[in-house]
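**Q** Position one of the sequence shown corresponds to residue 1 (the numbering used here), numbered consecutively onward. Note that the Cβ used here is the ideal one computed from N, Cα and C, for glycine as well.
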Amino acid sequence: MLVARNWVCRKNYKSRLDQELKLICEYGLRNKREVWRVKFTLAKIRKAAWELLTLDVKDPRGLFKGNALLRQLVRIGVLDEGKMKLDYILGLKSEDFLERRLQTQVFKLGLVKLIHHARVLICQRRIRVLKQVVNIRSVIRKNAKKGQGGAGAGDNEEED
1 MLVARNWVCR
11 KNYKSRLDQE
21 LKLICEYGLR
31 NKREVWRVKF
41 TLAKIRKAAW
51 ELLTLDVKDP
61 RGLFKGNALL
71 RQLVRIGVLD
81 EGKMKLDYIL
91 GLKSEDFLER
101 RLQTQVFKLG
111 LVKLIHHARV
121 LICQRRIRVL
131 KQVVNIRSVI
141 RKNAKKGQGG
151 AGAGDNEEED
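(1) Counting C-beta neighbours from all protein chains within 10 Å, is the total for Arg16 16 or more, i.e. buried, or is it exposed?
(2) Give the DSSP-derived three-state secondary structure of Arg10 in the structure shown.
(3) Here's the rule: buried if 16 or more other CB atoms are within 10 angstroms of the residue's CB, otherwise exposed. What is Thr104?
(4) Could you compute how far the alpha carbon of Arg141 sits from the alpha carbon of Ala49?
(5) If you follow the alpha helix (DSSP H) that Arg37 is part of, which residue opens it and which one closes it?
(6) Within the continuous alpha helix (DSSP H) that includes Arg161, where are the two ends?
(7) Use the C-beta contact count for Ile122: other C-beta atoms within 10 angstroms, 16 or more gives buried, fewer gives exposed.
(8) Please determine, among Tyr27, Tyr13, Lys11, the residue with the shortest C-alpha to C-alpha distance to Asp161.
(9) Go ahead and pull the three-state DSSP assignment for Leu17.
(10) Ordered along the chain, which non-local residues of its own chain (more than five positions away) have a Cβ less than 8 Å from that of Val38?
(11) Out of Leu114, Asp18, Ile136, Pro60, state which residue places its alpha-carbon closest to the alpha-carbon of Gln124.
(12) For Leu53, I'd like the list of residues in its chain whose CB is within less than 7 Å of its CB, leaving aside the five on either flank, ordered along the chain.
(13) I'd like to check one pair, Leu23 with Ile45: are the Cβ atoms closer than 9 Å?
(14) Tell me the rounded alpha-carbon separation between Ser138 and Lys47.
(15) Taking the continuous beta strand (DSSP E) assigned at Val134, which residues delimit it?
So, in structure tokens, the structure goes:
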């Protein structure tokens, strides 16, 4: 006689499953794989920061790679310029990365009323970043404060 035991697994991981479902609803993600991808990226960045923190303070490799990592995170808008220390990288959350997605930015700018509508418009190639048409929802928009060129650097998304 077979006994259903999947309630045990669901009970053990209930908090994680609920948190992932909350992220999917809040940011209009398609499935949990998109959440896992962001969490994996964050884990790699945290691991790199942790390894750099364990190095000696005067190590030139640690200084160079640490500054490069910090500049990259400031450029994509995850870290503020006032928090350019490796300690702040360890405090990042997956929500910080999800806020920088193009889909979320289109919704936050008020171009659409629903975050799911933003997803549809991006898929239909109706959203431009500067003069480049973008059809990938998970594009991380670069920070517009520095005025750097390239796709995603501007603050002027337009709806065709």
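**A** So, from the data block:
(1) Using a 10 angstroms sphere on the CB of Arg16, the tally of other CB atoms stays under 16, which defines it as exposed.
(2) Arg10 falls in the helix class under three-state DSSP.
(3) The residue is buried, with at least 16 neighbouring Cβ atoms inside 10 Å.
(4) Between the alpha carbons of Arg141 and Ala49 lies a gap of roughly 22 Å.
(5) Note, Arg37: alpha helix (DSSP H), 32 to 54.
(6) Nothing about residue 161 can be read from this structure; the chain reaches only from 1 to 160.
(7) It counts as buried.
(8) The chain is shown from 1 up to 160; residue 161 falls before or after that span and cannot be answered.
(9) In the three-state DSSP reduction, Leu17 falls in the helix class (H, G or I).
(10) Ser94, Phe97, Leu98.
(11) Nearest to Gln124 by C-alpha distance, out of Leu114, Asp18, Ile136, Pro60, is Ile136.
(12) Cβ neighbours of Leu53 within its own chain (closer than 7 Å, five residues either side excluded): Leu86.
(13) Between Ile45 and Leu23, the gap from beta carbon to beta carbon reaches 9 Å or more.
(14) Distance between the alpha carbons of Ser138 and Lys47: 22 Å.
(15) In this chain, the beta strand (DSSP E) harbouring Val134 covers 132 to 134.
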